[in-house]
Structure formats: structure tokens, C-alpha cells
Amino acid sequence: MSVVALAAKGLTKRFGGLIVNHNIDLVLARGARRALIGPNGAGKTTLVGLLSGAIRANAGTIALFGDDITRDNPARRVKRGLVRTFQVSNLFMQLSILENIFLAVSEQAGVTRDLWRPTAKRGALIECADAIVEGLGLGSDRHRRIAEIAYGRQRLVEIGIALALQPKVLLLDEPAAGIPTGDVGILLRAMEALPPDIAILLIEHDMQIVRRFATEVTVMVQGRVLATGAPADIMTSAEIRSVYLGAAGQARFGLTADHA
Amino acid sequence: MTLPRESILSRHRIGALEPVWWLLALLVYFVFPKHLAIASSVLIMAMFALSFDVVLGYAGILTLGNAVFFGVGAYAAAWISIAGWHEAITGAFAAAVVSALAAGALGPFVLRLTGLPLIMVTLGIGVIFFEAANKAAWLTGGDDGLSNIVLSPLLGWFRWSLSGGTAYLYVLVWLGLLFALIRRVMASPFGVALQGIRENADRMRLIGAPVLRHLVVSYVISAFVAGIAGALWTQTNAFVGLGVFSLDRAIDGLVMLALGGVGGLYGGLIGAPVYMLLKHFSQEWNPHYWMFLIGGLLIFVVRLGRGGILGVLGRVLSQWLGPRPVS
Amino acid sequence: MSVVAFIILYGVSYGLVLCLISVGLVVTMGLMRVINLAHGAFAAIGGYIAVSLAGHGLLPFAAAIPVAVIAVVLLSIVMERLLFVHLYNAPELDQVLMTIGFNFVVVAALTLFFGTDVYPVRLPPWLAGSVDLGFRTFEVYRVITMAVCLAVIGLLWLAFDRTNLGARLRAAVDNRGMAQATGIDVPRLFLLTFAAGSGLAAFGGAIGAPMLPLEPIYPFKYLVLVLVVVALSGFGNVRAVVGVSIFVGIVDTAGRFFLPDLGAFIIYALLIVLMIWRRQGLFAQRTVA
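Chains A, B and C, in that order, are what the protein sequence lines are. To convert, note that position 222 of the first sequence is 222 in our numbering; the numbers rise steadily by one, no gaps. Position in the second sequence (first residue = 1) + 1000 = our numbering. Position in the third sequence (first residue = 1) + 2000 = our numbering.
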């Protein structure tokens, strides 16, 4: 019997006359590894925005481990354990990797009320931040400023910040976006090393990553959930492929689709 | 692990050259006994600029309104003395508390803004306080100001000499104490969070940081320091007038800080003497050339790039002292 | 009744001059996103040039104004290339400091050339005197000023709304990156806009000299008022500027008339409340990222 980490019911979002998310139901159990795929314009990013609190839904509810968070702002949701990473890096560019992660660690630990003790004396917290940095393979750059490191490594820092916040539910928004194919392996290893009891929702276009990482896949099309199932089933389903590739595309690409 | 010297996590470290400034400040007492009055006002201005550094250099709040807290502290100190409480130290402290309370009241509203709206609102608040002080002449003495300010000997022992010697040391000690305090606070996890807010306030929110609360705390601390500066102004001049609320003073503080370098805490302490000396000498030369000079200097400092005098010194020194640890 | 008429007429004429001075800043701030505290300096320079040319009998007032405008436009082009161009991507503190520094230099120069007192304006005889509007007499100068301002603003509106240049400007204000991607020469647009905005400010400073007295600290003195108009209009929102300026003009005039003790108070208090309540300006447009 699995614990439900995140339950969204009937989420709807309208922009003027355009319904971008229509009556979306999404349930993530603890430890879930769910990928959210769909053609561009399907409404995936909007859904993540609704879940993270950046956008307010027109209808529907969201519950985190049974507690209703529909009215909570993003900061509150973070404090409750619902964390999101960003498709476009939103880091502290002039600060070092270690400092970036430390900001998240110290906020999570609640020590920012301390106006007195020098930060450098907080060895445990700094070690904790450093452990995350090491765990992502960023140790050699730990004191370098974000603005000076490769983009692929910046995406890893995004994940590092998310980890530092000790999430119970993690929304990964296209973590591989912009990473050269050669570096994807590092990202995958980092993702696989994520604590097993975190429920993770991954938006991705790269089917390689989806296949290796996800145990379930949800397909969204035109603002609705089309199907949810195991990756193998979803990816061989004729219906899904026609949605992505169209009939002509299917004929061209045959049975396997590496990229959606 | 050893943290690099520039890391925001190691702000508590005392630089090797720091004692030099304090030594020089102490030397002034012995070397320029005839100029201690102006020296005191330089120190007070340095304190005022320091208050700017807290909000601007650390929290990234661009405000033109700290003169308000300077003025509130100044008048509060006057009222305290006129009301009969002649003890200087506690008087100054109490006056600064009034400033801090004002900041606590204004902060939660004003600090929701950034950029131009924030500048405008802080400018507007400054103007309102000025006009209010002007109109409430029964309270502030209006144009004439308040002048029957009497202080009992410091710590019951040191008399306030006409030459201003006691006053100078009094101000210097306050400056030292406040500086040490601020340094401590900026090195704490709270100070680190503030700098995070300066770098990317949005992301701090998304990390769950109570951004507005942190900003208000920094604003209150800054107001306290500005309030002490104002109180000391009144105490050392035995007078307070409308000038404490003027826009000039706010701009002065900002300029001094920018000249010296923002964010290093010593920026104000270096910028203030440089600014005041320049002002003094150029006004002797020709009162109008002062504005040319300060305008040109501002443009030059901005064009020169990061860091003001401290920044330039830092670059020069690192040539001399060798490269700093990797940052 | 005639008191209300007085306040409205005075407020509107005052507001329209403010509008001319501010509209340039509204556009440049919307376009360049620079905190430019030095805009008033161009208004001051324009005013001084026009009034001194006319005052020394070198040119009739009506001719002195265009000459002053042209002079300021040229000056602003030089200044833009030399100084302001460096502010476009600079941190806000730098923008504030440099434009304040520019103001100081201008104030010093004005003091040097014209002295510290208010520079007297001698209106030509056809502008002096009053006209009877039926319910109240009103200064000829104010009536003409209102007409001229309205004409200029009308032309501006047309240019902004109907011309190609205006369209490009609106595009660049809305979404600079996208505009650049479609081939709009943004740096040149910046320069043109800056020059035009400064020219308009100069026009306002010149024609408004009797209402906004010329003294060396002019750039600082009217800074807050101009910023009030800009902030309440919302950056880049040219359509709102006329309404907001008239609003500010009337409120300011009414405040000074009914509550002379509080005077400037009202407008600043109002500003603060409005800014905190509606920080995108009174008429917020939906902006693209």
C-alpha cells in the first residue's frame, strides 16, 4: 500500500479563452519516478507551474501528503517539501557553487534567524552543502562562480539546490535542456542517486532519459492527460505515437522513437 | 575546508590592513587637535555611509531615504536632552531606537518595491519628513532648529571640552562598536541570506526564504545606525536643524559610500573623509566648483567600474600582495 | 465655481507642461529600462537657453524656443554617446549615481553661467496680459501654452501610434529582445528616442519657464514630480502620460491652494500610497516577458 505524496484533482487553467490545462488528475505515490511527456504546447510547463504554485489554478485541488496546498504560494510549498527545478537556470550567478547550495541548505535548516554566530563556524552545514556538491561531481568547481562554469554544470547546481531543500516531492523541469549529449550521463547518474523515497515528476523530451529513469509515463496532449502507464507500453502504443509523430511520421521512423 | 577570502561565508575574517584605519583615526586625535570638530563630523558621516552599506551593499536595497532615520535620530536625541535626560550614551541609544521603530513601521510596506518605484517612494518619504519637520515648528524649532542641548560629562567623568576632543573619541568609540556589531551580523547566516537576496531575490523566495522579513530586519539595523549617527550629530553640535532631513544629506551618504566602494563595510569609512576633504577644499577655492567636482567624480567612479576606492585599492594590493585564493 | 475653474485651468496648464517634460522620460525608461534621474537637466538647459536668448533680445521668445530645443537635442546626442550608452546594462546603483553626477555637473554649469537666483522671464507683450473667458479671466500665456502643448502631444500621439517609427518603438518597449531579432536597430532607436525625449523636455522647460521657474537646482527640484508622473503612468505607457500629468497638475495645484500648509505633502503622500498599491503604474498594461 503506497502512500500518496502528491494528488492533483481536476486542475484547470485558462488564459482568456484558451484552456491550457483541462481537468487534470495526477497522483504521485511516494518514491514515484514519473515522466511527463507530450508535444510542445501540451500544457506540461503550465501544469508544473500550477503544482509549484507559480500559477494559480482556475479550478481543482492539490494535496501534499493529504494536506491541501491549493492556496499556498510557492515559498510555502517549498517549506512543505514540494520543490521545483527550472528549465532556464535561475541561480545566483555571481556566487560560487558552494555558496549557491549553502543558501538553500541554511534556509532549510532554519538558521537564517541567527544574526550572531559567524557562518564559517557552522561547519556541519557547510559540510552538508559540500557533500551535495561532491555528490553531483562538482567538487573541483566548488569555489567558482556560476557565471564562469559550463552550462551543463549549472543545470546540476539546479538539482543541487533542489536536493538541499530536502524535498518530498520534486518537479524536474527539463533538467537536460541545453546539456550537450555527452554530459547527459552525469545528469542521469545524479538523478538516479536521488533519494528513493522522494516522489519525482520529470518533464523531458529526451526519450533516452525517460526510458532509463522513469517507471511510469504520463502523456499530455492539448491540455489533457491522454494516458499513464509503463514506459514500454506507452512508447509502443500506436495511439501515442500517432499523437507525436502523426501517421506519416510513424511510417518514417518505424517502431522506436528516441526523441519526442 | 578553508573558504576563500571573498566568500560570502567568511565575512567574519579581519583583513590584515584593517587595524590601519582605526589606528589612523586614533592618530587624528593627537595629530590634529585643532580640527577635531570637523573630524567628528567626518566620522559621523562615515557612520551614516555605513548605514547605507548595510542596506545597499548587503541587501541590495537601493534607497534614497536613510536621511529620514538620520533626522529622526537627530531630533529624538534633541528632545531627550531638552526633556531633561542629559546622559549622552543612553540618550543616543534611545534616539536610535526611535529611528529603528520608524524603519520597522515603514519597512513592511516600502520594501515590497524595487527599482525606480522604491527610489521614488523613499525620496517621497524623505520629502514628507522634511516638510513635516518644517511645518511642525513647535516640535522641531522649524528653521531655527533646537539648540538648548546640554549633556552631562561622559560616564560621569569626561567633560565635553570646547576643542571637541571628548566628542571625537566618543564618536570614534560608537563607530567602532557599531562597526564590530554590523560586521558580526553580516557574517552570520542572516547576513549570508541577505546577500543571497541581493543576488537573486526571486530565487531566495523559491528557496523558502522569508525575503520581506529579512529585508525589514536589515532596514531596521540600518536605521538604527543612521539614528545613532543623527543623535551624535545633535550631541556633538549641541544643535539640530532641518538640514538633517534634506535630500542633500541622503545623496551625500550614497555618494560617500559609492566613492569608497559598496559592500566592503569600509567603503563609507574611506569615502567619507575623502568626500569631506574634497568638499572642504574645493569650497574654499570656489563654492560652485564643488558641484562640478562631485558630479565629475561620480561619473568617473561609475565609468571606472566596480568598487570605488576600495575596489581600486583591492586590485592594486593584490598585485603587490600576490594572488588571492581561488574564488 | 470660479475657484474650481481656476484650479482646473491652472492644474491643466501646469500638467500639460509636466507632460511634455515627462513623456520623453516615460518612453526612454520604458525602452532602455534605465533609471535616469538626469532628465530634468535637459528641461532646465532648454529653459535657460530659450529664456536667455529672448531676455538678451537676441531672438523673439517664439523663435528662441525651437533654437533651444535644437541645441538640447544636439547636446543630448553627444551625452548619450559619451555617457548614457554605458548605463543600458549597468546595475541600478550605477545608473542612479551617474545620472545624479550628471545633474550635479549641470547644476554647477547653470550656476556658473546664470547665477544662483531665479532667472527672470520676460514674456513678450503678445503673451503677457489676460483674456476674459467669460466665467473668469485667464492669462494669455497659459491659454497659449495649453494649446501648444496639446498640439505637440497630439502630434506625438500620432507619431507613436501611426508611424512606422512609432510602431518600432512600441515593439522595442514591449519586448526588446524580440524587436532586435526582427531586425530593428535598437541602439539607433535608443539614440533617437533619447534625443527626442530630451528635446521634448527642453521644449517643456522653455515654454513652461514662467510656471516652473528657472533656477540652477531645477534638475533636482522637479525630479520627484517628473518621476511621479513617470511612475504613475507606467514605463512606456505614453497614452497614460497626458491623463496622469493633468491629474498630478490638478492635485498639486489644488493642494497648494486649499492646504497651503501642506502643499507638496499631498502629492508625495498620494504617490507613496499609489506606488505601494499599484506598482506597475495606474494603468498597467499586460507586458510580454
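All C-beta atoms, glycine included, are put in the ideal place defined by N, C-alpha and C.
Item                                                                                                                                    : Value
Backbone CA spacing between C/F2257 and C/V2148 [nearest angstrom]                                                                      : 26 angstroms
Reduced DSSP category for A/I19 - H, G, I as helix; E, B as strand; rest coil                                                           : strand
Contact set between the stretch 1047–1078 of chain B and chain A, restricted to residues whose Cβ is under 9 angstroms from the partner : none
Contact list for the stretch 1175–1197 of chain B against chain A, Cβ threshold 7 angstroms                                             : R1184, V1185, A1187, S1188, P1189, F1190, V1192, A1193, G1196
is_contact[A/D114, chain B] using C-beta, thresh 8 angstroms                                                                            : yes
First and last residue of the uninterrupted beta strand (DSSP E) at A/T61                                                               : 59–64
Beta-carbon neighbours of B/A1258, restricted to chain C and to distances below 8 angstroms                                             : L2093, L2097
Contact the stretch 145–160 of chain A vs the stretch 94–109 of chain A: 3+ CB pairs below 8 angstroms                                  : yes
8 angstroms Cβ cutoff, C/Y2119 in contact with chain B                                                                                  : no
Counted within 10 angstroms of its Cβ, other Cβ atoms place A/K44 as buried (16 or more) or exposed                                     : buried
A/R84, DSSP secondary structure in three states                                                                                         : strand
Closer than 8 angstroms to chain B by CB, A/R122                                                                                        : yes
Helix, strand or coil at C/T2193 according to DSSP, with G and I counted as helix                                                       : helix
Min CB distance B/P1108 to chain A below 8 angstroms                                                                                    : no
Distance, A/I55 Cα to C/F2283 Cα                                                                                                        : Model confidence at C/F2283 stands at a pLDDT of 47, short of 50, so the residue's coordinates are unreliable; what they give is reported in the following sentence. Looking at the two C-alpha atoms, the distance is approximately 23 angstroms.
Segment contact flag, the stretch 1245–1253 of chain B with the stretch 1065–1084 of chain B, C-beta cutoff 8 angstroms, min 3 pairs    : yes
Any chain B beta carbon closer than 8 angstroms to C/H2086                                                                              : yes
Short Cβ contact (8 angstroms threshold) for B/A1059 with B/S1161                                                                       : no
Counted within 10 angstroms of its Cβ, other Cβ atoms place B/F1032 as buried (16 or more) or exposed                                   : exposed
For A/G13: DSSP bridge partner residues                                                                                                 : Residue identity differs from the one stated: residue 13 of chain A is Lys in this sequence, not Gly. Answer is A/N21.
Residue environment, A/G223, which counts as buried when at least 16 other CB atoms sit within 10 Å                                     : buried
Test item: CB-CB of B/G1227 and B/F1069 under 8 angstroms                                                                               : yes
Where the alpha helix (DSSP H) through B/S1081 begins and ends                                                                          : 1066–1082
Sub-8 angstroms separation of C/A2151 and C/V2140 beta-carbons                                                                          : no
7 angstroms CB neighbourhood of C/L2200 in its chain, flanking five on each side removed                                                : L2020, V2023, G2024
Reduced DSSP secondary structure (H/G/I, E/B, other) of C/G2115                                                                         : coil
Closest by C-alpha distance to A/A63, when choosing among A/F102, A/G16, A/A5, A/R84                                                    : A/A5
N-terminal and C-terminal residue of the alpha helix (DSSP H) that B/D1248 is part of                                                   : 1247–1260
Reduced DSSP category for B/L1328 - H, G, I as helix; E, B as strand; rest coil                                                         : No statement about residue 1328 of chain B is possible, as the shown extent of chain B runs from 1001 to 1327 and does not include it.
Within-8 angstroms CB hit, B/L1111 to chain A                                                                                           : no
Distance cut-off 7 angstroms: C/I2217 Cβ against heavy atoms of the ligand PLP                                                          : This structure simply doesn't include the ligand PLP, nor any ligand for that matter.
Short CB-CB distance (under 8 angstroms) between B/E972 and chain A                                                                     : In the structure displayed, chain B extends from 1001 to 1327; residue 972 of chain B sits before or after that span and is not available.
Coarse secondary structure for A/R224, derived from DSSP in three states                                                                : strand
Cβ distance (whole Å) where B/L1298 is taken to contact C/M2098 below 8 angstroms                                                       : 7 angstroms
Pairwise C-alpha distance: B/G1208 and A/R84                                                                                            : 12 angstroms
Rounded straight-line distance, which links the Cα of B/N1066 to that of B/W1157                                                        : 34 angstroms
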